[in-house]
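Written out below as structure tokens is the structure these notes cover.
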Amino acid sequence: MKTDQAKKAIIKIESNVNQENVRSTRKGLKTIQPAAIDKENIAGRSNLSLKDSKNQIPLEAKKPKPTLMHRETQTERYITNIEDLTGDEASADYWKRLSEKRQEALDESLKEIEKLKDNILALQEENKICKEMLEESRHLVEIFQEMLNEDDDNEQ
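Count along the sequence shown from 1, then add 4; that gives the number in this note's numbering.
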């Protein structure tokens, strides 16, 4: 005895491209067979219209845009070729990218140097204050020693 309900197996696939491939594959006999009971849909064709079937596909399952490999049509940055690294002369894009990376490194080091200079100035100011406090405390110690010596002299 066959049941009217078709058993569905859920297969999780990691990438959207693989999910699209699984969805667009032809239906095998196992999935067509339950539709053979209905005389109108012998070949497994469903009653859904084309518009309804498009609406049921989630947006994530749609095909990603193809990436263009021609340099003239590519809008993203140029990828370094082996020829740039091993050839006699590198392309202008290679030198441009290299100069941009060096500029970024220089900017970063400049910011770090400015930060270190600020830290040095703050530490020098703190050192100056500590030296002044040390001189004041030495002067205070001398005064206390004189007072103690005077008290010792008065007691004798």
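In this text, a Cβ means the ideal position worked out from N, Cα and C, and glycines have one as well. Owing to the predicted nature of the structure, the values given are computational and were not obtained by experimental measurement.
Contact set for residue i: own chain, Cβ-Cβ below 6 Å, skip 5 residues either direction
i, result
"L120", "none"
"E108", "none"
"L102", "none"
Own chain partners of residue i with C-beta closer than 7 Å, once the 5 adjacent residues on each side are dropped
i, result
"E159", "none"
Residue i: first and last residue of the uninterrupted alpha helix (DSSP H) it sits in
i, result
"D156", "A96 to E159"
Closer than 7 Å: residue i CB and nearest the ligand FAD heavy atom
i, result
"E154", "Of the ligands one can find in the structure shown there are none, so the ligand FAD has no counterpart to examine."
Residue burial classification, residue i (beta-carbon count within 10 angstroms, cutoff 16)
i, result
"M5", "Per-residue confidence for M5 stands at a pLDDT of 49, beneath the threshold of 50, marking its modelled position as unreliable; no derived number is given."
Residues of its chain near residue i, where Cβ-Cβ distance is below 8 Å and the 5 sequence neighbours each way are ignored
i, result
"F148", "none"
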